[in-house]
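A quick write-up on the structure given underneath.
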Amino acid sequence: MNKNKSLKKILLTIVMALFGILFMSPFIWMISASMKPEADVFLFPIQWVPKHWHMVENYKTVWTTKFPLYYWNSIKVSVITTALSVLFSSMAAYAFSKIKFRGSAVIFIIVLIIYMIPSQAILVPQFLLLRWMGLYDTHVGLILLGSFSVLGTFMLRQFYLGIHDEYMESARIDGAGHARIFWTICTPLVRPAIATYAILRFIWTWNDYQNPLIFLRTKTLYTLPLGIHSFADLNGEFYSLIMAASVSAILPLLIIFIIGQKQVIEGISMGGVKG
Amino acid sequence: MANHIQSQASSIPTTKVRPKRSNQQFRENLAGYAFASPMLLGLGVFTLFPIIASFFLSFTNWNFVAGFSKVKFLGLDNFTKLVHDSVFLLSLKNNMILMIVVPLTLIISLVLAVLIDKQVYFKGFFKIVYFIPYISSVVAVAIVFQVLFHPTYGPINQTLMDWGFANPPKWLADPDYALYCVMGLMVWINIGYNMIIFMAGLQSIPKDLYEAADIDGASKMKQFISITIPLLSPTTFFLLVSGIIGTFKAFDVISVLTNGGPANSTNVVVFRLYETAFINLQSGYASAMAIVLLILVLLITLIQWFGQRKWVNY
Chain A
1 MNKNKSLKKI
11 LLTIVMALFG
21 ILFMSPFIWM
31 ISASMKPEAD
41 VFLFPIQWVP
51 KHWHMVENYK
61 TVWTTKFPLY
71 YWNSIKVSVI
81 TTALSVLFSS
91 MAAYAFSKIK
101 FRGSAVIFII
111 VLIIYMIPSQ
121 AILVPQFLLL
131 RWMGLYDTHV
141 GLILLGSFSV
151 LGTFMLRQFY
161 LGIHDEYMES
171 ARIDGAGHAR
181 IFWTICTPLV
191 RPAIATYAIL
201 RFIWTWNDYQ
211 NPLIFLRTKT
221 LYTLPLGIHS
231 FADLNGEFYS
241 LIMAASVSAI
251 LPLLIIFIIG
261 QKQVIEGISM
271 GGVKG
Chain B
1 MANHIQSQAS
11 SIPTTKVRPK
21 RSNQQFRENL
31 AGYAFASPML
41 LGLGVFTLFP
51 IIASFFLSFT
61 NWNFVAGFSK
71 VKFLGLDNFT
81 KLVHDSVFLL
91 SLKNNMILMI
101 VVPLTLIISL
111 VLAVLIDKQV
121 YFKGFFKIVY
131 FIPYISSVVA
141 VAIVFQVLFH
151 PTYGPINQTL
161 MDWGFANPPK
171 WLADPDYALY
181 CVMGLMVWIN
191 IGYNMIIFMA
201 GLQSIPKDLY
211 EAADIDGASK
221 MKQFISITIP
231 LLSPTTFFLL
241 VSGIIGTFKA
251 FDVISVLTNG
261 GPANSTNVVV
271 FRLYETAFIN
281 LQSGYASAMA
291 IVLLILVLLI
301 TLIQWFGQRK
311 WVNY
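So the sequences go chain by chain: A and B. Numbering follows UniProt numbering, with no gaps: position 241 of the first sequence is 241. Numbering follows UniProt numbering, with no gaps: position 229 of the second sequence is 229.
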C-alpha cells in the first residue's frame, strides 16, 4: 500500500515536471535565443541548446546601447518608490490601527472606496495634474504616482493590529510618544510584513509599463519595460538581442524572488494581494 | 478580500471623547492625523481629485491641445456618442470575451494546487516554476509570445507545418485568433498567482474531514468534489471577482502584444481609452469611457459584496 502510494507520487512528480517544462518553455526559449547568433534563432527544429554560442557578443551589444541607462532609471525609480511607499503605508497603517483618533473609521472607509478605482479611469486628469505641477516627463512625477498605495496600508495595518497593546503601554508609561513607539517598538515587530510588501512593490514598480508610457516622453528617462519595448521597435529583426535585453531585465527580479520567495508567497496567500 | 476588508473596517474602535481626557484625546487626534497625513494627502491629490475631475471632463469636449478656455459643456453627449461608437462597443464585447480567462485560469490552477499540495515531491520547486510568469515583466514575456506565434518563423507554426498542417492559423495577425492568443498569455501569467492562493485555501481545510472520508471509503475524486471544492468556495469566489476586475484592467498585455489590432479585434476598454485620450487627444470623450469603466468595476465589486453571502459556503 505504502509502496504503491510513493510510486504514484513519483509518477505524478514526473508528469508535473513535464508539464512544468512545457509551462516554462517560453522562458527557456528566451534564454536560449539570447545566447545564439541571430541566424540560428528561428532554425527548425528548435535548438534548445545553442550550437553556435553567441552569448558574450549579444549581451555586450545590448549593454553598450542605452540599456544601462534604462537599467539605472529602473533601479532609481523602483528603489525610491518602494522606500516611500513603505514609509507612507506603514505610517498610515499605524495610525489606522494603533491611534484612536477622531474620524478614523470614516476616513478609513473613504480610503477603502479609493482602493476600488481602476488606475486607468484617472489617467487623463493625472496627466493634466502632472503637467500642471511641472512633473510630467520627470522621474519625480512617476515616483509620486507610485508612492501612495492603499494596498500597502491595508496589508501592514493587519500586522500592526496584531501587536498587543501591552507592548506599547509600558513604553507609554516611560513617556514615549507615538513617534517613538512607532519607530522603535511597533515597526521592528512587523518587519517581515514590511519586507513582503517591499519586495512586491519593488517587483510591481520594476515591471510597470503603463505609467512610464503615459507620464514619460524623453527617451533618456525610460525605465526598462518601456526601454525594451522601444528597443524591440528599433531592432525588430534582431530577436537574439531583444531576448538578451529581456533576460537582463527579468534576472534581478528572479534573484529577488528566489531569495524572498517564502515571504512573497506568504504575503500573497495572506489576503490575496494584487498590484 | 472585500470580506477581510469589511472586517477590518468594522474592527475600528469608534472613538469616544471623554471630557476628562479631552486634552489627551486632542493629542491623540493630532498624532493620528500626522501619521495618516502623507498617505491621505497623496491619495487626495493623485486619486481623489483626478476621479472628480474625470466626472467633470466626461461632460465636456475638452482636449489636451486646447486651453481651458475652450472647454465646452456637452451634457450627456459623450455618453450618447459612446452608445453608437462601434469601436468602443467592440472593445466592450472583447472585454466580455476576455472574462473567459478567469474560469479557465481557476480550473487549471486549482488542479495544479491540489496536485502540488499533496501528490508530488519538490513542492517548493514547483511553486517557483509556476509563479515565475507572474513576477516577470509583461513586456518581455509578450515579446516572446509575439515571436512564438509568428505566422511564418514562429516555433508554433513551424511545428504545426512539420506535422502536416499546410495552412496553420496566423495567430496574432489574424482577427479571428488574436484575442485567443491574448487570452492564452493572460491565463499563463495568472496561473501562478491563483495557484498560490488556492494552496493557502487548501491549508485551511481541516485534515480530519479527509480522514473521515477515507474511513467511509470515499474515493479521492469524490473527496475532491464533495470536500475540497465546497470548502474552497470563498477562495474561488474571491479569485473569480478579482480576476474579472483584473481582465478589465489588462492594459500592458494588449498594448505590447497586439496594440489592439488587427482590425480592433483585441481592443479593450482600457486600451481604447488610452488611444482616445493620448493618441486622438479627445480628453472629454476618454473621460466618459473612464466613467463607464469605473461603473463596471464598481458593479462587479458590489456583486462581490452581496454575492459573497449567497453563493459562498463557509
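Glycine included, every Cβ here is placed at the ideal spot set by N, Cα and C.
The DSSP-derived three-state label of Phe-59 (chain B) is coil. Tyr-71 (chain A) sits away from Ser-246 (chain A), with the two beta carbons spaced by 9 Å or more. A direct Cα-to-Cα measurement between Asp-85 (chain B) and Leu-76 (chain B) gives close to 14 Å. Taking C-beta separations shorter than 8 Å and ignoring five residues to either side along the sequence, the partners of Met-91 (chain A) in its chain run Phe-182, following chain order. The contact set of Arg-201 (chain A) on chain B, defined by CB atoms closer than 9 Å, is empty, because the minimum CB distance reaches about 12 Å. Spanning the alpha carbons of Ile-80 (chain A) and Tyr-94 (chain A) requires a straight line of approximately 21 Å.
If the five residues before and after Leu-232 (chain B) are omitted, its C-beta is found closer than 8 Å to the C-beta atoms of Leu-110, Phe-198, Gly-201, Leu-202 and Ile-205, all from its own chain and listed in chain order. Per DSSP, the beta-bridge partners of Phe-73 (chain B) are B:Thr-60. Per DSSP, Lys-51 (chain A) is not a residue of any alpha helix (DSSP H), being assigned neither H nor E.
The C-beta separation of Met-16 (chain A) from Ile-116 (chain B) comes to about 7 Å, placing the pair in contact by the 8 Å criterion. Contact residues of the segment 119-135 of chain A toward chain B are Ser-119, Gln-120, Ala-121, Ile-122, Leu-123, Val-124, Pro-125, Gln-126, Phe-127, Leu-128 and Leu-129 (C-beta to C-beta distance below 8 Å). Separation of Ile-229 (chain B) and Ile-191 (chain B) (C-alpha to C-alpha, rounded to the nearest whole angstrom) is 18 Å.
A straight line joining the alpha-carbon of Ile-31 (chain A) with that of Val-49 (chain A) spans about 10 Å. Trp-163 (chain B) sits in coil when the DSSP states are folded into three classes, being neither helix nor strand. Thr-65 (chain A): not part of any alpha helix (DSSP H); DSSP gives it neither H nor E. Closer than 9 Å to the CB of Val-190 (chain A) there is not a single CB belonging to chain B. With a cut-off of 8 Å on Cβ pairs, the segment 123-140 of chain A is not in contact with the segment 164-182 of chain A, counting fewer than three such pairs. Inclusion of Ile-215 (chain B) and Phe-131 (chain B) in the CB contact set at 9 Å is not warranted, their separation being larger than that value. The three-state secondary structure of Ile-205 (chain B), taken from DSSP, is coil.
Distance between His-150 (chain B) and Phe-19 (chain A), taken at the CA atoms: about 23 Å. Burial state of His-54 (chain A) is buried, judged by a 10 Å Cβ sphere holding 16 or more other Cβ atoms. Here Asp-208 (chain A) is buried, its C-beta having at least 16 other C-beta atoms within 10 Å.
For the pair Ala-288 (chain B) and Lys-81 (chain B), the CB atoms are nearer than the 9 Å cut-off. When DSSP states are grouped into helix, strand and coil, Arg-27 (chain B) belongs to the helix group. Non-local C-beta neighbours of Tyr-59 (chain A) in its own chain, meaning closer than 8 Å and more than five positions away in sequence, comprise Ser-34, Ala-244 and Ser-248, ordered along the chain. Nearest in C-alpha terms to Ala-36 (chain B), of all of A:Pro-68, A:Ile-110, A:Leu-12 and A:Val-41, is A:Ile-110. The beta carbon of Trp-188 (chain B) falls within 9 Å of a beta carbon belonging to chain A, placing the residue at that interface.
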